[in-house]
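Chains as they are written, first to last, in the numbering used here: chain A, 1 to 173; chain B, 1001 to 1218. Glycine residues also receive a C-beta, built at the ideal position from the N, C-alpha and C atoms. Source: prediction; values computed, not measured.
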């Protein structure tokens, strides 16, 4: 759940919740049927949606190695699953917390950034064509968070981290 | 054509196994902190780390670092086995089939989630046969063992055992910079024993990491 809302439940001993706090809670609750509905669709349509994206991606990057495209598609599916969960729970943090430390390094290591970014746009187009503007409003925070993670600035870590490529370490010694 | 369904592993997309909010769990009513597969975790107080170092110093004097190194070696060996077991369970394939980049990434996340600091592998000297492991914010080197000397005996032991197992070589480990001596991070050089031996004196003299590496690759 959205951490701000979740924190409402932290200190029952302190005071009863205020009207504005209960309002925020009601808002989430009343949006839940829509969220669950959309989540169910994302789940049921995952394969057809992503297959359409995959076909378009392969056309766009006809010269690219299949391994890289597959890698990128896995990243894309992962992002969508996290964005879906973020939408369901109204918690964008889950995308950041789980993917931020991990995904940028994978993108770097497998050198898929350009494909990932194009893929993201294709996913977004698929979504816009399938879902209503109201549904998109629910989805966008999670998708934006995912996009942040695959754009270069956020991948630039604070230091000169490992330059490990996909070769093996065993060959080192 | 790529089939998207084939990209899933048991309908899953393995990603960040060690994500802290999922990895650390617990049966708190029983007083147990656990990882996501139910192995027990312990929170190690800094005061205990300090007590171990000062207790060993008092009882064994100069031997402290050798004792800690040995503890590290033992721990590293077990840690490697458990780490591989967890990863292969999660990825549904043997660690040997796991791309090295994912293995290393998992190690980094594992380190971070356990609160052992930020570990990274520097492969700058790979062609010369040395691997440099860097750790920032290490909890294991906060307390000096001997004045003016690096204090990462325990950590060095873990890394030596871990990477020896990983590479199938009998590696040695030399710490060339230490946070307890004001360095920005701990640096551990891994390589074959006979090639590292000559650098030990330089560490004792307090030579900086870069100078030591320069000598090593000559």
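*At what residues does the alpha helix (DSSP H) containing residue 1055/B begin and finish?*
1046-1060
*asked:* By the 7 Å beta-carbon criterion, what residues does the region 1006-1031 of chain B contribute toward chain A?
replied: 1007, 1013, 1015, 1016, 1019, 1021
*asked:* Just to confirm the assignment, what range does the alpha helix (DSSP H) spanning residue 4/A have?
replied: Run containing residue 4/A: 3-6, per the alpha helix (DSSP H) assignment.
*Taking only beta-carbon atoms, is residue 12/A less than 9 Å away from chain B?*
no
_For residue 1190/B, which residues in the same chain have their Cβ closer than 6 Å to its Cβ, ignoring the five residues on either side in sequence?_
1131, 1163, 1171, 1173
*Label residue 75/A either buried or exposed according to how many other C-beta atoms from any shown protein chain fall within 10 Å of its C-beta, with 16 as the threshold for buried.*
buried
*chain B contact residues for residue 106/A, given Cβ-Cβ distances below 8 Å*: 1101, 1102, 1105
*Can you give the Cα-Cα distance for residue 88/A and residue 32/A, rounded to whole angstroms?*
If I take the Cα positions, the gap works out to 7 Å.
_Helix, strand or coil, according to DSSP, for residue 1234/B in the structure here?_
A query on residue 1234/B cannot be resolved here, the shown segment of chain B reaching from 1001 to 1218 and no further.
*Using three-state DSSP, classify residue 61/A as helix, strand or coil.*
coil
*asked:* Counting only Cβ-Cβ distances shorter than 8 Å, please list the residues of the region 64-84 of chain A near chain B, keeping chain order.
replied: 66, 69, 70, 73, 74, 77, 78, 81
*Are the CB atoms of residue 19/A and residue 91/A nearer to each other than 9 Å?*
no
_Using DSSP's beta-bridge definition, name the partner residues of residue 1009/B._
1012/B
*With a cut-off of 9 Å, does the C-beta of residue 141/A fall near any C-beta of chain B?*
So no, residue 141/A is outside the interface.
*What's the gap between the Cα of residue 1030/B and the Cα of residue 1040/B?*
Counting only the Cα atoms, residue 1040/B lies some 12 Å from residue 1030/B.
*What does residue 174/A reach in chain B if we use C-beta pairs closer than 8 Å?*
The structure shown has nothing for residue 174/A, since chain A only spans 1 to 173.
*Between residue 55/A and chain B, is there a C-beta pair that is closer than 9 Å?*
yes
*Kindly list, in the order they appear in chain A, the residues whose Cβ is closer than 7 Å to that of residue 1002/B.*
54, 58, 66, 69, 70, 73
_Simplified DSSP state of residue 1120/B, which is helix, strand or coil_ = strand
*residue 131/A in three-state terms, based on DSSP*: coil
*asked:* Let me make sure I understand the geometry here. Which of 1043/B, 1133/B, 1105/B has the alpha-carbon closest to that of residue 110/A?
replied: 1105/B
*Closer than 8 Å: is that where the CB of residue 59/A sits relative to any heavy atom of the ligand SAH?*
Of the ligands one can find in the structure shown there are none, so the ligand SAH has no counterpart to examine.
*Is it right to say residue 1064/B is buried, meaning 16 or more other beta carbons lie within 10 angstroms of its own, or is it exposed?*
So residue 1064/B ends up on the buried side.
*Where the alpha helix (DSSP H) through residue 37/A begins and ends*: 19-44
*Of the residues 1129/B, 1217/B, 1116/B, 1202/B, which one's Cα is nearest the Cα of residue 1169/B?*
The closest CA to that of residue 1169/B, considering only 1129/B, 1217/B, 1116/B, 1202/B, is found on 1129/B.
_Coil, strand or helix - residue 1176/B by DSSP_ = strand
*Closer than 8 Å, Cβ to any Cβ of chain E: which residues of the region 1143-1160 of chain B, in chain order?*
Among the protein chains of the structure shown, namely A and B, there is no chain E.
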